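K.L.:
My questions all concern the structure below.
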Amino acid sequence: NAGVTQTPKFRVLKTGQSMTLLCAQDMNHEYMYWYRQDPGMGLRLIHYSVGEGTTAKGEVPDGYNVSRLKKQNFLLGLESAAPSQTSVYFCASSYSSGNTIYFGEGSWLTVV
Amino acid sequence: GENVEQHPSTLSVQEGDSAVIKCTYSDSASNYFPWYKQELGKRPQLIIDIRSNVGEKKDQRIAVTLNKTAKHFSLHITETQPEDSAVYFCAASNGMDSSYKLIFGSGTRLLVRP
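Protein chains in written order, with the working numbering: chain F, 15 to 126; chain Z, 4 to 117.
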């Protein structure tokens, strides 16, 4: 039981490049989330999903897209990376609303 | 939408003393309030949570209190130890809302001095 796993763990992008962060969970959770963490700003919700085939915007969705084609996977895409997207990205999942959220180990992204 | 404010941003205590971190939330419909601990370079991990139907919950040296009228909740750590040093985040959500979103405070960096 690996929990929540994210790939890649580290990535350096040039401005304008695109990339996808992959999140996978093996806990059969319905809900999945993408957060970004910046110094002094805590964890901010980018997008989330309440089930396979559904996605919704969080607090800071601009510049990102997501997809949940399979229940166990939640992908975060950056179509045209900007330096402001330099951050640590955490994927998370939970069984349902009001239940414990489990985080992945994080993905460190630098955009130069 | 929900907004969570957390204070203080940094807290330094002597080993053995108590530490208190406070959070306020804006959405009166919020009913689930977890606390996460994040060590340097690691993922956030749940340490305790409380739901709106109780006013206090304890787990060994950690306790959380909730005042729904004032819309604030607090984390209390007693007999602090150096391994308690970390960043602590509070969060709030409406657990019954199908569009469930957990909104975090900005974090408190706790330093426990030996």
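C-beta: ideal position from N, C-alpha, C; glycine also. Just so you know, these numbers come straight off a predicted model, no measurement behind them.
Using a Cβ-Cβ cutoff of less than 6 Å, which residues in the same chain neighbour Glu42 of chain Z once the five nearest sequence positions on both sides are dropped?
P.N.:
Excluding residues within five positions, the ones whose Cβ falls inside 6 Å are Ala89.
K.L.:
Buried or exposed for Arg46 of chain Z, please, with buried defined as at least 16 other CB atoms from any protein chain shown within 10 angstroms of its CB.
P.N.:
Arg46 of chain Z should be labelled buried.
K.L.:
For Ser32 of chain F, I'd like the list of residues in its chain whose CB is within less than 8 Å of its CB, leaving aside the five on either flank, ordered along the chain.
P.N.:
Result list for Ser32 of chain F: Gly91, Leu92, Glu93, Ser94 and Ala95, in chain order.
K.L.:
Would you grab the beta carbon distance between Ile50 of chain Z and Lys40 of chain Z for me? Rounded to a whole angstrom, and I think it's under 8 Å.
P.N.:
Correct: roughly 5 Å between the Cβ atoms.
K.L.:
Scan the stretch 20-33 of chain Z for residues whose Cβ lies nearer than 8 Å to a Cβ of chain F and list them as they occur along the chain.
P.N.:
Residues: none.
K.L.:
Can you give the beta carbon distance from His75 of chain Z to Thr27 of chain Z, rounded, assuming they're within the 8 Å contact cut?
P.N.:
About 4 Å separates the two Cβ atoms, so the contact holds.
K.L.:
Measuring only the C-alpha atoms, how far is Tyr109 of chain F from Val18 of chain F?
P.N.:
Taking the straight line from one Cα to the other gives about 12 Å.
K.L.:
Gly72 of chain F and Gly110 of chain Z - do their beta-carbons sit closer together than 8 Å?
P.N.:
No. Outside cutoff.
K.L.:
Please go through the same chain and pick out, in chain order, the residues whose beta-carbon is closer than 6 Å to the beta-carbon of Thr68 of chain Z, but skip the five residues on each side of it.
P.N.:
These residues qualify, in order along the chain: Glu59 and Ser77.
K.L.:
Just to confirm, is the Cβ distance from Glu18 of chain Z to Thr83 of chain Z under 8 Å?
P.N.:
Result yes, Cβ atoms of Glu18 of chain Z and Thr83 of chain Z sit closer than 8 Å.
K.L.:
Using a Cβ-Cβ cut-off of less than 7 Å, list which residues of the stretch 104-119 of chain F approach chain Z; keep chain order.
P.N.:
So the list reads Phe104, Ser111, Gly112, Thr114, Ile115, Phe117, Gly118 and Glu119, given in the order they occur along the chain.
K.L.:
How is Glu86 of chain Z classed by DSSP in three states: helix, strand or coil?
P.N.:
Here Glu86 of chain Z sits in helix by DSSP.
K.L.:
Going along chain F in order, which residues have a C-beta closer than 8 Å to the C-beta of Pro47 of chain Z?
P.N.:
Residues of chain F passing the Cβ test: Leu57, Phe104 and Phe117.
K.L.:
Expressed to the nearest angstrom, what Euclidean distance is found between the alpha-carbon atoms of Gly120 of chain F and Asn6 of chain Z?
P.N.:
Taking the straight line joining both Cα atoms gives about 24 Å.
K.L.:
Provide the residue span of the beta strand (DSSP E) that contains Ser101 of chain F, from first to last.
P.N.:
Here the beta strand (DSSP E) through Ser101 of chain F covers Ser101 to Ser108.
K.L.:
Buried or exposed: which applies to Asp87 of chain Z, given that a residue is buried once 16 or more other Cβ atoms fall within 10 Å of its Cβ?
P.N.:
By the 10 Å Cβ count, Asp87 of chain Z comes out buried.
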